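Everything on this sheet refers to the single structure shown next.
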Amino acid sequence: MKEHFIFLYQVVLLKNNIFLEVPAMTLRRHATYFPDNASLMIKHIADQDICPLHAHDFYEMVCVSSGSGMHVIDGISWPISRGSVFVVAPHEEHYFEKVEKLSLLNILIRPAFLTPPLLALLAEFAPEKQFMATHQTLVHSAFYTNQLNEELINELAHRPLMLETLLIQLAIFLQRGHISLIINNRVKEDSIIYLLNYLHHNYANDELSIDYLARKFNKSVLALVV
């Protein structure tokens, strides 16, 4: 299928007052990714490379399966690692950098498919929400993504309704698996990852202290200083 990209240009001043137009950002069109006007697409990326600045005309839900990196969206950098879940809205400019063995599950969604309840759910995954799901949640979420794939592959009765239902269930399941909501002994490893992610986002916060972090993440002060 032919690529449908729109290249936006910026003017760069070179030596001897020569001006040159170079691509600044790529707008990725849904026609490239959604065969036969499908409402959803699911992509597994085993080893995400550094990704140049781009935007889409569709929504993209991203679940980080493993690895780490920096996700830069609208000029703001966010550290991502296993368990990070976020949604990129249409025309938001973003790219990945400093990636290390980054594996992603991407769910691409056409805007026309989204109902008000779905839009409200997706808003919970904005990058500034610092959303991170437990490893167990990510593993069990495969049930919903596999079901979505089955619906996309097969022409079954009431497919649009089933796709909407499964996507809502997936979003709610991920939201309920938010590490900050279930910090306990079962997710000890994940809570440490979430704590480190929190420090990445809030290192300039004047409230940060060992006592503050111990209270917020239900840890002993000794556990954080050893």
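Residue 36 is where the sequence shown starts when you use the working numbering, and the numbers rise one by one after that. In this text, a Cβ means the ideal position worked out from N, Cα and C, and glycines have one as well. Being a predicted model, the structure only gives us computed values, none of them experimental.
Beta-carbon spacing of residue i, residue j below 9 Å
{"i": "phenylalanine 148", "j": "serine 176", "result": "no"}
{"i": "serine 138", "j": "serine 100", "result": "yes"}
{"i": "serine 103", "j": "proline 114", "result": "yes"}
First through last residue of the alpha helix (DSSP H) which encompasses residue i
{"i": "methionine 167", "result": "Looking at the DSSP string, methionine 167 is not in any alpha helix (DSSP H), and its letter there is neither H nor E."}
Same chain, Cβ closer than 7 Å to residue i, five either side skipped, listed in chain order
{"i": "glutamate 127", "result": "Ala90, Ile108 and Asp109"}
{"i": "isoleucine 80", "result": "Ser138, Leu139 and Asn141"}
{"i": "phenylalanine 93", "result": "His65, Pro125, Leu143, Ile144, Arg145 and Pro146"}
Chain-order list of residues whose beta-carbon lies under 8 Å from that of residue i (same chain, five-residue window excluded)
{"i": "threonine 180", "result": "Ile77, Leu140, Ile142 and Leu205"}
{"i": "isoleucine 245", "result": "Val256, Leu259 and Val260"}
{"i": "leucine 183", "result": "Leu75, Ile77, Ile142, Leu198, Leu201, Leu202 and Leu205"}
{"i": "glutamate 159", "result": "Phe166, Ala206 and Gln210"}
For residue i: DSSP bridge partner residues
{"i": "valine 123", "result": "Glu95"}
{"i": "asparagine 141", "result": "Lys78 and Val97"}
{"i": "isoleucine 111", "result": "Ile108"}
{"i": "tyrosine 130", "result": "Val107"}
{"i": "glutamate 135", "result": "Ser103"}
{"i": "histidine 213", "result": "Ala168"}
{"i": "serine 116", "result": "Ser103"}
Where residue i sits in the DSSP three-state scheme
{"i": "leucine 29", "result": "This structure cannot speak to residue 29, because the chain is shown only from 36 to 261."}
{"i": "serine 103", "result": "strand"}
{"i": "histidine 193", "result": "coil"}
{"i": "alanine 90", "result": "strand"}
{"i": "serine 262", "result": "Absent from the structure is residue 262, since the part of the chain shown begins at 36 and ends at 261."}
{"i": "aspartate 84", "result": "coil"}
Cβ-based neighbour list, residue i, same chain, cut-off 6 Å, excluding 5 preceding and 5 following
{"i": "cysteine 98", "result": "Val120 and Leu140"}
{"i": "valine 344", "result": "No information on residue 344 is available, as it lies outside the stretch 36 to 261 that the chain covers here."}
{"i": "leucine 156", "result": "Ala206"}
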